[in-house]
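A.B. asks:
2 protein chains.
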Amino acid sequence: MAVSTERIRLTDVARLAGVSVATASKALNGTGRMTLETRQKVKRLADELGFRPNAMARAMISQRSFTVGLLTNDTYGRFSLPLMAGITEALADEGVSVFLCGIEDDAEMARRHVDAMLDKQVDGVICTGKRIDKALPVDLSDLSVPIVYAYTKAPEDAVTLVSDDAQGAREAVRRLIELGRSKLAHVTGPEKFAAAQERAGAFAELAGDDAPILYGEWSEDWGHRAVAELFAENGPQPDGIFCGNDQIARGVIDALRERGIGVPETVSVIGFDNWEIVAGATRPPLTSVDMNLRELGREAGRLIMALSEGKAIEPGLRRMPCQLVVRSSCGGGRTN
Amino acid sequence: MAVSTERIRLTDVARLAGVSVATASKALNGTGRMTLETRQKVKRLADELGFRPNAMARAMISQRSFTVGLLTNDTYGRFSLPLMAGITEALADEGVSVFLCGIEDDAEMARRHVDAMLDKQVDGVICTGKRIDKALPVDLSDLSVPIVYAYTKAPEDAVTLVSDDAQGAREAVRRLIELGRSKLAHVTGPEKFAAAQERAGAFAELAGDDAPILYGEWSEDWGHRAVAELFAENGPQPDGIFCGNDQIARGVIDALRERGIGVPETVSVIGFDNWEIVAGATRPPLTSVDMNLRELGREAGRLIMALSEGKAIEPGLRRMPCQLVVRSSCGGGRTN
Numbered sequence: 026m027a028v029s030t031e032r033i034r035l036t037d038v039a040r041l042a043g044v045s046v047a048t049a050s051k052a053l054n055g056t057g058r059m060t061l062e063t064r065q066k067v068k069r070l071a072d073e074l075g076f077r078p079n080a081m082a083r084a085m086i087s088q089r090s091f092t093v094g095l096l097t098n099d100t101y102g103r104f105s106l107p108l109m110a111g112i113t114e115a116l117a118d119e120g121v122s123v124f125l126c127g128i129e130d131d132a133e134m135a136r137r138h139v140d141a142m143l144d145k146q147v148d149g150v151i152c153t154g155k156r157i158d159k160a161l162p163v164d165l166s167d168l169s170v171p172i173v174y175a176y177t178k179a180p181e182d183a184v185t186l187v188s189d190d191a192q193g194a195r196e197a198v199r200r201l202i203e204l205g206r207s208k209l210a211h212v213t214g215p216e217k218f219a220a221a222q223e224r225a226g227a228f229a230e231l232a233g234d235d236a237p238i239l240y241g242e243w244s245e246d247w248g249h250r251a252v253a254e255l256f257a258e259n260g261p262q263p264d265g266i267f268c269g270n271d272q273i274a275r276g277v278i279d280a281l282r283e284r285g286i287g288v289p290e291t292v293s294v295i296g297f298d299n300w301e302i303v304a305g306a307t308r309p310p311l312t313s314v315d316m317n318l319r320e321l322g323r324e325a326g327r328l329i330m331a332l333s334e335g336k337a338i339e340p341g342l343r344r345m346p347c348q349l350v351v352r353s354s355c356g357g358g359r360t361n
Numbered sequence: 026m027a028v029s030t031e032r033i034r035l036t037d038v039a040r041l042a043g044v045s046v047a048t049a050s051k052a053l054n055g056t057g058r059m060t061l062e063t064r065q066k067v068k069r070l071a072d073e074l075g076f077r078p079n080a081m082a083r084a085m086i087s088q089r090s091f092t093v094g095l096l097t098n099d100t101y102g103r104f105s106l107p108l109m110a111g112i113t114e115a116l117a118d119e120g121v122s123v124f125l126c127g128i129e130d131d132a133e134m135a136r137r138h139v140d141a142m143l144d145k146q147v148d149g150v151i152c153t154g155k156r157i158d159k160a161l162p163v164d165l166s167d168l169s170v171p172i173v174y175a176y177t178k179a180p181e182d183a184v185t186l187v188s189d190d191a192q193g194a195r196e197a198v199r200r201l202i203e204l205g206r207s208k209l210a211h212v213t214g215p216e217k218f219a220a221a222q223e224r225a226g227a228f229a230e231l232a233g234d235d236a237p238i239l240y241g242e243w244s245e246d247w248g249h250r251a252v253a254e255l256f257a258e259n260g261p262q263p264d265g266i267f268c269g270n271d272q273i274a275r276g277v278i279d280a281l282r283e284r285g286i287g288v289p290e291t292v293s294v295i296g297f298d299n300w301e302i303v304a305g306a307t308r309p310p311l312t313s314v315d316m317n318l319r320e321l322g323r324e325a326g327r328l329i330m331a332l333s334e335g336k337a338i339e340p341g342l343r344r345m346p347c348q349l350v351v352r353s354s355c356g357g358g359r360t361n
């Protein structure tokens, strides 16, 4: 196959019409001052040559490139995936294309991507990460285009979107209480994570200060070990366990089954993340808190559009609501 | 925070220098014919104004936009993730930015993305999907820019990259045989998938025609049910099980443990995909075939660069080698 790389450029149209590139561009964009004859000649030639109305030429006049840069520290993780889906969805509708810039905690790579984005005159930048308490390894304070931060640490005066983890955790714990569970426990990730603290804070608020909170790792293996602690001879033997993520919940459920403890008959379990691949494969399938990251991404897309159009957007932190997705692991129908 | 959207444009430089946009562009790019004085005046003004050498202006002359479109049908799945990482890695080094175009099996969305990419004059397009036997829902035959297909169905005369699944499967089965396993079985996904057929074909070639092949689903649940079949009273009771993906392998291992059958003491198990989140959480951790999709993505980036630079690339299918990643589930050291 001979792959053709031929392409009709604005310069070709301009040359054949006998005008400058700038004039040709204005003629096609319906702007600038010129005779009607010149304008029509350029348009006719462009049609005949099959010239594609050129985003670059338009951008030189409109001061917008209709591109947005997505700088992400979690390109290949589960948080960015729904975020990216929401962002590109919101922007594709507006004819805006998204540059994918995965930086993976590499300051040098981040700088290279930012330079390339500026060079291409993006209308704005969306920054995303995998932790709300960790900033990207690049200083964007002198960037001349608008920035929206989504699920990553941001400067205080920035436009920032995060999930409302405390609200999500409250919904989970309330559900356990409504199901008649009275001896609750929380098994979660490392205490140093802001997400772990927020979820644990909401748990303590509703379950009481005596309800045990076990900090550990974000892993299935920790879920197993936590069950060994909770159900040791002198352990608290909880009847409802709220877990800090789905992997921990899966470990908890597997460990309970191996001990012959019925889920949800004897113990109700709820996870966090609603990561389908884990929540769906758990036996029984896992009730979990969904952070609605796709909707958060759509909102980030809407905000960067508004900013790039020069609209005034109130800076500060916006918390987007989470939602409890009910499967079988918490039981249902029981009121006591 | 007042977000500034001000930006010095080439038109500003041109206006202040009293030259056309085309002349200003040529002056900055060191091309075109003009007096040294004019060229120096434009450059000096550009410096003073803090004008950023403009990729769009450069592109108008160089016939390259230094952008590539990534059209993917699996934006948010596990195959695209390492692919995207490899692609952006290979291209970022060349100053080329990648437009992320997730189409999710939606022909209308695909058309919209392709239009936006052409409008922005991409230098090339990389197409990726989640199945090597399923084409993207969009006709690209009349595209005027080069295309590289990676892990998706492509026209016969296209430049296409896929993983060599048969080679990967052979490595897995050979390992089981080297470990002294003689009663082998293969548990895999639906027979209609080309990937399932390739892996099963390689299994049969080495394990013999009598070795059972069980087609089902790509799920943990199917792994559980397959073990019930294989270890039924009159079942074949294999001592080595090669699974079509990691989720099936995880189901197989969990089911074997629940039956009190030791892995790897009594049965060796190997998966396919090397999906860390599954392979690492399996008890014991899973030996698995890695398709090296990141390297496949890097190669796709290198190929689209070469094509966009006008280099001759032989069309046809390129199979990239897989690699066996050894963890504990297959055992080791035993020769019989």
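Taken in order, these protein sequences are the chains called A and B. According to the working numbering, numbering within the first sequence proceeds without interruption in unit steps and concludes at 361. According to the working numbering, numbering within the second sequence proceeds without interruption in unit steps and concludes at 361. Where is the CB? At the ideal position from N, CA and C, for every residue including glycine.
In this structure, does DSSP put V314 of chain A in helix, strand or coil?
C.D. replies: In the structure shown, V314 of chain A sits in a strand (DSSP, three-state: E or B).
A.B. asks: Beta-carbon separation of T291 of chain A and S354 of chain A under 8 Å?
C.D. replies: Not a contact, by the Cβ cut-off of 8 Å.
A.B. asks: For V163 of chain A, list the residues DSSP reports as bridge partners.
C.D. replies: Answer is none; V163 of chain A lacks a bridge partner.
A.B. asks: Please state whether DSSP places S354 of chain A in a helix, a strand or coil.
C.D. replies: In the structure shown, S354 of chain A sits in coil (DSSP, three-state: anything other than H, G, I, E or B).
A.B. asks: Counting contacts by CB-CB distance shorter than 8 Å, is L125 of chain A in contact with chain B?
C.D. replies: With 8 Å as the cut-off, L125 of chain A counts as an interface residue toward chain B.
A.B. asks: Please classify G375 of chain B: is it buried, with 16 or more other beta-carbons within 10 angstroms of its beta-carbon, or exposed?
C.D. replies: No information on residue 375 of chain B is available, as it lies outside the stretch 26 to 361 that chain B covers here.
A.B. asks: Could you pull the DSSP bridge partners for A175 of chain A from this structure?
C.D. replies: Its beta-bridge partners are A:T153, A:L186.
A.B. asks: Mind pulling the chain A residues with CB within less than 7 Å of V351 of chain B?
C.D. replies: The premise fails here: V351 of chain B is roughly 20 Å from chain A at the closest Cβ pair, so nothing lies under 7 Å.
A.B. asks: Alpha carbon to alpha carbon, what distance is there between E119 of chain A and S169 of chain A?
C.D. replies: Distance between the alpha carbons of S169 of chain A and E119 of chain A is about 22 Å.
A.B. asks: Check T213 of chain A in the structure and name its three-state DSSP category.
C.D. replies: Reduced to three states, the DSSP call for T213 of chain A is strand.
A.B. asks: With distances taken Cα to Cα, identify the nearest neighbour of R195 of chain A among A:L318, A:A117, A:L209, A:D182.
C.D. replies: When each option's Cα is compared against that of R195 of chain A, the closest is A:L209.
A.B. asks: Indicate the three-state DSSP secondary structure (helix, strand or coil) for S333 of chain A in the structure shown.
C.D. replies: Note: S333 of chain A maps to helix in three-state DSSP.
A.B. asks: For the candidate residues B:A71, B:I295, B:T185, whose alpha-carbon lies nearest to that of R201 of chain B?
C.D. replies: What sits at residue 201 of chain B in the sequence shown is Leu, not Arg. The shortest C-alpha separation from L201 of chain B is found at B:I295.
A.B. asks: Does any CB atom of chain A fall closer than 8 Å to the CB of K145 of chain B?
C.D. replies: For K145 of chain B, the answer is yes, since a Cβ of chain A falls inside 8 Å of its Cβ.
A.B. asks: Of all the options B:L116, B:F267, B:A175, B:Q262, which has the alpha carbon lying nearest to the alpha carbon of R284 of chain B?
C.D. replies: Selected option, being the one with the closest Cα: B:Q262.
A.B. asks: Would the stretch 316–329 of chain B and the stretch 96–114 of chain B be scored as touching if the rule is three or more Cβ pairs under 8 Å?
C.D. replies: They touch, by the three-pair rule.
A.B. asks: Out of A:L35, A:K159, A:V150, state which residue places its alpha-carbon closest to the alpha-carbon of E73 of chain A.
C.D. replies: Cα-wise, what sits closest to E73 of chain A is A:L35.
A.B. asks: Flag this pair as yes or no: are the beta carbons of D158 of chain B and A219 of chain B separated by less than 8 Å?
C.D. replies: Cβ distance < 8 Å, so D158 of chain B and A219 of chain B count as in contact.
A.B. asks: How far does the alpha helix (DSSP H) with S109 of chain A in it reach, from first residue to last?
C.D. replies: One detail in the question is off: residue 109 of chain A reads as Met in this sequence, not Ser. Start and end: 105–117.
A.B. asks: For I86 of chain A, which residues from the same chain have a beta carbon less than 7 Å from its beta carbon, with the 5 sequence-adjacent residues on both sides left out?
C.D. replies: Only weak support is given to the placement of I86 of chain A: the predicted model assigns it a pLDDT of 47, under 50, and the value that follows is read from those uncertain coordinates. Here the set comprises S50, K51, N54, T56.
A.B. asks: I'd like to know whether the C-beta of A52 of chain B is nearer than 8 Å to at least one C-beta of chain E.
C.D. replies: Of the chains in the structure shown, none is chain E; the protein chains are A and B.
A.B. asks: Does chain A have any CB closer than 8 Å to the CB of G214 of chain B?
C.D. replies: Not an interface residue.
A.B. asks: To be precise: take each residue of the stretch 227–260 of chain B, compare its Cβ to all Cβ atoms of chain A, and keep it if any distance is under 8 Å. Which residues remain?
C.D. replies: Here the close residues are S244, E245, D246.
A.B. asks: State yes or no: is the C-beta of T213 of chain B within less than 8 Å of the C-beta of I278 of chain B?
C.D. replies: Contact flag unset, no.
A.B. asks: Can you look up G120 of chain B in the DSSP assignment and give me helix, strand or coil?
C.D. replies: Three-state result, G120 of chain B: coil.
A.B. asks: Can you name the residues that DSSP bridges to S293 of chain B?
C.D. replies: Partner(s): B:G265.
A.B. asks: Within the continuous alpha helix (DSSP H) that includes G412 of chain A, where are the two ends?
C.D. replies: A query on residue 412 of chain A cannot be resolved here, the shown segment of chain A reaching from 26 to 361 and no further.
A.B. asks: Take the Cβ of D235 of chain B as the centre, count every other Cβ of all protein chains shown within 10 Å, and call the residue buried at 16 or more, exposed below.
C.D. replies: Looking at its Cβ environment, which holds fewer than 16 other Cβ atoms inside 10 Å, D235 of chain B is exposed.
A.B. asks: Give me the Cβ distance between G149 of chain A and S333 of chain A, rounded to the nearest whole Å; I'm assuming they're in contact under 8 Å.
C.D. replies: G149 of chain A to S333 of chain A, Cβ: 4 Å. Contact.
A.B. asks: For L204 of chain A, count neighbouring C-beta atoms within 10 Å of its own C-beta (all shown protein chains included) and say buried if the count is 16 or more, exposed if not.
C.D. replies: Result: buried.
A.B. asks: Please report the residue range of the beta strand (DSSP E) in which M345 of chain B lies.
C.D. replies: Here the beta strand (DSSP E) through M345 of chain B covers 341–345.
A.B. asks: Which stretch, first to last residue, makes up the beta strand (DSSP E) that contains V303 of chain A?
C.D. replies: Premise fails: V303 of chain A lies in the alpha helix (DSSP H), 301–304, not in any beta strand (DSSP E).
A.B. asks: Counting only beta-carbon separations shorter than 8 Å, does M134 of chain B have a partner in chain A?
C.D. replies: So yes, M134 of chain B belongs to the interface.
A.B. asks: Taking H138 of chain B as the query, report the chain A residues whose CB atoms sit under 9 Å from its CB, ordered along the chain.
C.D. replies: Correct list: T113, A117, S122.
A.B. asks: Could you work out which residues of chain A lie near A179 of chain B, taking near to mean beta carbons separated by less than 8 Å?
C.D. replies: Result: empty, since nearest Cβ-Cβ is about 11 Å, beyond 8 Å.
A.B. asks: Looking at V198 of chain A: is its Cβ nearer than 8 Å to the Cβ of A227 of chain A?
C.D. replies: Yes; because the gap between Cβ atoms is below 8 Å, this pair is in contact.
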